[in-house]
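The numbering of the sequence shown is the UniProt record's numbering, which starts it at 1 and goes up by one.
Even glycine gets a Cβ: it sits at the ideal position worked out from N, Cα and C.
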Amino acid sequence: MLERSPTRLSWADCESKIRKLHRAATGDVTEDESRRLYHLELSASRHAGKSPRHVLEQAKALLR
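Okay, structure coming up:
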């Protein structure tokens, strides 16, 4: 399972973490995966989704 932080994750933190994950994996992901990460980053910037943690977990799952 994913590690859970005891602190609350803000939407801005979520967006930042997804952006960092995306940059770190740029050479290792397909174009479709990269596009999906970008869409998750946009979701975080628009506060769309169940929660910031849920959106971040989706990004992490995509990179597994």
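Burial state of residue i (16 or more Cβ within 10 Å)
i: serine 43; result: buried
i: histidine 22; result: buried
i: alanine 59; result: buried
i: glutamate 15; result: buried
i: glutamate 31; result: exposed
Collapsed DSSP secondary structure at residue i in the structure displayed
i: valine 29; result: coil
i: leucine 37; result: helix
i: histidine 47; result: coil
Cα-Cα separation between residue i and residue j, rounded to whole angstroms
i: leucine 63; j: serine 10; result: 21 Å
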